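Engineer: The letter at position 445 of the sequence shown is residue 444 when you use numbering that gives the first Met the number 0, and the numbering goes up by one with no holes.
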Amino acid sequence: MPPATSASYPRAWHTFLVAFFALLALSGCWAAASPLMSVPDEPSHAIKAAAVVRGELTGTVTAESPFPEVIVPKWVALSHELTCFAFQADVAPSCAAINLVDVTQETSVSTSAAYYNPVYYAITGLPSLFLDGKVGFYAMRLVSAALSCLLLASMFQALALMTSRRWTAIAAAVAVTPMVLYLNAAVNPNSLEIAATGAVFANLALLLEQSGRARQSVTTTVWFTAAAALLANARGLSLVFLLAAVVLAVMSYRFSRFLAVLRHPITWIGATIIAVSTAFALWWIATVDALSTTPFGGAGSTFRQGFEVTMDKTFEYTTGLIGYFGWLDAPAPGVVLWVWATLIGSLLLGVLALGRGRALSAAILAALALLLLPPLFQALIVTESGYIWQGRYNLALYILLMLTAGRALDRTLGRQWIPTMNRVLVVGLSVAIFGHLAAFLWPLRRYVTGIRADQFWIDMVRNPQWQPPFGWIAWVALYAVILCGTALIIYPGWPVAKKRL
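(1) Looking at C-beta atoms only, is the number of pairs between the segment 207–220 and the segment 333–353 that lie closer than 8 Å three or more?
(2) For the alpha helix (DSSP H) holding Ser345, just list the boundary residues, first then last.
(3) Would the segment 123–140 count as touching the segment 157–176 if we require 3 or more Cβ pairs under 8 Å?
(4) Please check the pair Ala194 and Leu151, which I expect to be a contact at CB under 8 Å, by giving their CB distance rounded to whole angstroms.
(5) Assuming Ser143 and Ser43 are in contact, meaning their beta carbons sit under 8 Å apart, how far apart are those beta carbons, in whole angstroms?
(6) Reducing DSSP to helix, strand and coil, say where Tyr446 ends up.
(7) Given a cut-off of 8 Å on the beta-carbon distance, is the pair Trp74 and Leu99 in contact?
(8) Over what stretch of residues does the alpha helix (DSSP H) that includes Thr318 continue unbroken?
(9) What residue ranges within the segment 104–178 form continuous alpha helix (DSSP H) runs of no fewer than 4 residues, ordered along the chain?
(10) Applying the 10 Å Cβ sphere with the 16-neighbour rule, what's the burial state of Pro330?
(11) For Ala85, count the other beta carbons within 10 Å of its own beta carbon; 16 or more makes it buried, fewer makes it exposed. Which is it?
(12) At the level of alpha carbons, what is the spacing between Asn516 and Gly354?
(13) Which one or two residues does DSSP pair with Ile70 in a beta bridge?
(14) Could you tell me the alpha carbon to alpha carbon distance between Pro188 and Ala45, rounded to whole angstroms?
(15) For Val350, collect the residues of the same chain with a Cβ closer than 8 Å to its Cβ; drop the 5 residues on either side in sequence, then sort them by chain order.
(16) Confirm, please, whether the CB-CB distance from Val17 to Ile489 is below 8 Å.
(17) Could you give the residue range of the alpha helix (DSSP H) that holds Phe223?
(18) Under 7 Å Cβ to Cβ from Thr14, same chain only, skipping five residues before and after it: list those, please.
(19) Give me the DSSP bridge partner(s) of Phe324.
(20) Short of 7 Å in beta carbon distance, which residues of its chain neighbour Gly297, apart from the five on each side in sequence? Order them along the chain.
(21) For Leu25, which residues from the same chain have a beta carbon less than 6 Å from its beta carbon, with the 5 sequence-adjacent residues on both sides left out?
(22) I want to know whether the segment 273–285 touches the segment 230–243 - three or more CB-CB distances under 8 Å.
(23) Which same chain residues, not among the five before or five after Cys94, have their C-beta less than 6 Å away from its C-beta?
(24) Taking the CB atoms as reference points, tell me whether Thr320 and Leu247 lie closer together than 8 Å.
(25) Using C-beta distances below 8 Å, list every residue in its chain close to Phe257, excluding the 5 sequence neighbours before and after it, in chain order.
(26) Sort out for me which residues DSSP pairs Thr286 with in a bridge.
(27) Suppose you measure from the CA of Asp131 to the CA of Val71; what does that come to, to the nearest Å?
(28) For the alpha helix (DSSP H) containing Thr382, list its first residue and its last residue.
(29) What's the gap between the Cα of Glu68 and the Cα of Leu56?
(30) Here's the rule: buried if 16 or more other CB atoms are within 10 angstroms of the residue's CB, otherwise exposed. What is Lys497?
(31) Report back the beta-carbon spacing between Ala48 and Met139 to the nearest angstrom; my notes put them in contact at under 8 Å.
(32) Excluding the 5 residues preceding and the 5 following Thr220 in the sequence, name in chain order all residues of the same chain whose CB lies nearer than 6 Å to its CB.
(33) Let me check understanding here. Comparing Cα to Cα, which of Ile284, Leu412 and Ser78 lies closest to Ser107?
(34) Distance check for Arg414 and Ser163, CA to CA, integer angstroms please.
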């Protein structure tokens, strides 16, 4: 394997900065343009975050509520009052006429997230200590977005340092669906789980690829360690995704490379930190029963029934991978689903046709994990908890499928690149930009006018029922500029033929 050149590291940091600021800007647009508390369970997560940074990790069980109660500022406690439009696609968020000014006194409120691992919330809740009201909520969203974008940027940085990286980078870009950006922009640990999974795989794969070096990269090891430690404590099932990311990365290379990585002392420092983080996550789950939940519909079903019902919904969950916005009341339009179905399908067909060896086996295993693990998880808890699975819970497995698929193509094609691929790349970028913009605009229509038979696109201009700060047109325009600007920045970095398009 050729060693990385001295130019590799500046290029990698350039990739990191471009990826971080582009992803943060796009996520920030989602955070500002989406009504407060418009993401599923965001009120419960915001309350949990504000409670954790004030030292209350689990709350107090009372007879008045099915969920534990915590003490938080009243403006945080009122977050549930902002969801009057939830599950009602024809109702605009203007129904939430709640005053969040000068309501900083503390009060008791229940949260369904009380028993969740506190690590994510200890970070995202920090703005609530010195900001309040709507500004406080937006700040918590931005802190959550920054955390996830850092990890996603580290994923792209690791890919930039790989010898063969073109297809993996393309696959990673396809993995960042509108739903990923949407979740980044909310107070919800789902976003951390997705980003950390991608970062664990990419940075471990880079360590394995560079295992023959005398000295192991400190930066890559730090990113891998941090991502793994955060992933272990993101959500109850995140430990499974951590294991999957490690197994798939190791499986993509010869096992001797893994043994070579273990010979570096810095590896054992990182492994110790990850082990302590994992032990804390396991202790938390066992101590507070973090995997339990209030029963939903279907509670009492058998293991077989839970597995079969969830398996039948496998392709329905695709919407949740690409874009299922709001409180499950604003699914992405068909054209957005078509865009990502085309991009994902093209990559997977390419892997099946061209993939070889260990990398192909890893991609197939990732596909099987995406197919079989969700039904298994649901079947294990359906008797007690009912049917709770949603498509967005599959995003961590989806990003692993995309990354393993990209590695399989890179391992087969190497540095091969024909001039025609430049045109394919431009078309792919254009289609992806259109898909992201359409996905951003559709939920705005749902919120600005509501989805009703008597409301049309023109009513967003002439009769808006709700507006985000600075108006929806400003955010759509900014989103389009960021998308196009990012495409213009990253395209020159691709291997291009002597005759440019």
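Beta carbons: idealized from backbone N, C-alpha and C, even for Gly. Predicted model only: the values in this text are computed from it and were never measured.
Structural biologist: With the given structure in hand:
(1) no
(2) Gly333 to Leu353
(3) no
(4) 5 Å
(5) Ser143 to Ser43, Cβ: 14 Å. No contact.
(6) helix
(7) yes
(8) Thr317 to Ile321
(9) 118–123, 132–159 and 165–174
(10) buried
(11) buried
(12) The chain is shown only over 0 to 500; residue 516 falls outside these bounds and no answer can be derived.
(13) Ser107
(14) 11 Å
(15) Leu359, Ala362, Ala404, Ala407 and Leu408
(16) yes
(17) Val217 to Ala231
(18) Phe155, Gln156 and Ala159
(19) Ala329
(20) Val381, Gly385 and Tyr386
(21) Leu180 and Ile481
(22) yes
(23) Cys83 and Phe84
(24) Checking the sequence shown, residue 320 turns out to be Leu, not Thr. Not closer than 8 Å, so no.
(25) Leu207, Ser210 and Val249
(26) According to DSSP, Thr286 bridges with nothing at all.
(27) 11 Å
(28) Gly356 to Ser384
(29) 11 Å
(30) Because the pLDDT at Lys497 is just 37, under 50, the model does not fix this residue reliably, and the point stays unresolved.
(31) 6 Å
(32) Ile265 and Gly269
(33) Ser78
(34) 6 Å
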